[in-house]
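Down below is the structure, laid out as structure tokens.
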Amino acid sequence: MLRGVSAISLDGKGRVALPKRYREELDALCDGVFVCTIDHQLPCLLLYPLPEWERIEAKLSRLSSLNPAERRLQRLLLGHAFECEMDGQGRILIAPTLRDYAGLNGKAMLVGQLNKFELWNSDKWQEQIDQDIQIQAESAEALSERLNNFSL
279 MLRGVSAISL DGKGRVALPK RYREELDALC DGVFVCTIDH QLPCLLLYPL
329 PEWERIEAKL SRLSSLNPAE RRLQRLLLGH AFECEMDGQG RILIAPTLRD
379 YAGLNGKAML VGQLNKFELW NSDKWQEQID QDIQIQAESA EALSERLNNF
429 SL
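Below is the structure:
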């Protein structure tokens with residue numbers, strides 16, 4: 279289960295070191311092999327353990343290449359997908375095109391999202407959190423049925 283937020287750094291080669299608390303679980307889950315792609319709605323990257331990514335690929339393969347919206351989603355997610363492997367020091371290399379998309383350049387935030395990580399530029403992450411908190415506090419939107427029944 280991937281959860282929590284960690285401040286991490288990119289080295290000069292574009293590698294990030296995954297926090298030690300995740301490494302053993304990730305090694306058992308995916309032998310340290312990941313797929314990184316863009317988030318098609320937010321300026322961050324999605325980092326999936328390979329078995330989780332394979333589930334996403336199966337869903338994407340069921341979309342129609344004749345439907346423009348479905349083909350666009352396939353193109354964005356699959357076209358940017360980059361396989362990466364954790365080295366002995368727990369580092370993974372993020373492809374330059376992906377680093378550019380997310381504005382990764384030194385300080386970053388790794389955010390656990392149950393089955394994947396989000397990888398954010400630290401400044402963009404803080405802006406997004408501030409915006410999310412403000413919207414949540416002021417929101418007059420109708421809650422979905424699931425949120426109406428959700429309790430903490």
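In our numbering, the protein residues as written are 279 to 430.
We put the CB at the ideal spot given by N, CA and C, even for glycine.
Nothing here was measured: the structure is a model prediction, and the numbers come from that model.
For residue i, count neighbouring C-beta atoms within 10 Å of its own C-beta (all shown protein chains included) and say buried if the count is 16 or more, exposed if not.
{"i": "Gly310", "result": "buried"}
{"i": "Asn426", "result": "exposed"}
{"i": "Glu303", "result": "exposed"}
Measuring only the C-alpha atoms, how far is residue i from residue j?
{"i": "Tyr300", "j": "Leu307", "result": "10 Å"}
{"i": "Val389", "j": "Ala347", "result": "28 Å"}
{"i": "Pro297", "j": "Arg333", "result": "24 Å"}
{"i": "Glu405", "j": "Cys322", "result": "12 Å"}
{"i": "His318", "j": "Gly366", "result": "31 Å"}
{"i": "Gly357", "j": "Asp408", "result": "31 Å"}
Give the range of the beta strand (DSSP E) segment to which residue i is assigned.
{"i": "Arg267", "result": "No statement about residue 267 is possible, as the shown extent of the chain runs from 279 to 430 and does not include it."}
{"i": "Ser422", "result": "No beta strand (DSSP E) holds Ser422; DSSP gives it neither H nor E."}
Give the C-beta separation of residue i and residue j to the nearest angstrom, bearing in mind that I take them to be a contact with Cβ-Cβ under 8 Å.
{"i": "Leu288", "j": "Ala386", "result": "6 Å"}
{"i": "Ile316", "j": "Leu371", "result": "Contact flag wrong, Cβ pair sits at about 16 Å."}
{"i": "Ala380", "j": "Phe360", "result": "Not quite, the Cβ-Cβ distance comes to about 12 Å (not below 8 Å), so this is no contact."}
For the alpha helix (DSSP H) containing residue i, list its first residue and its last residue.
{"i": "Leu307", "result": "298-308"}
Extract the residue ranges of the alpha helix (DSSP H) inside the segment 323-410, only unbroken runs of 4 or more that lie entirely within it. 328-339, 346-357, 374-380
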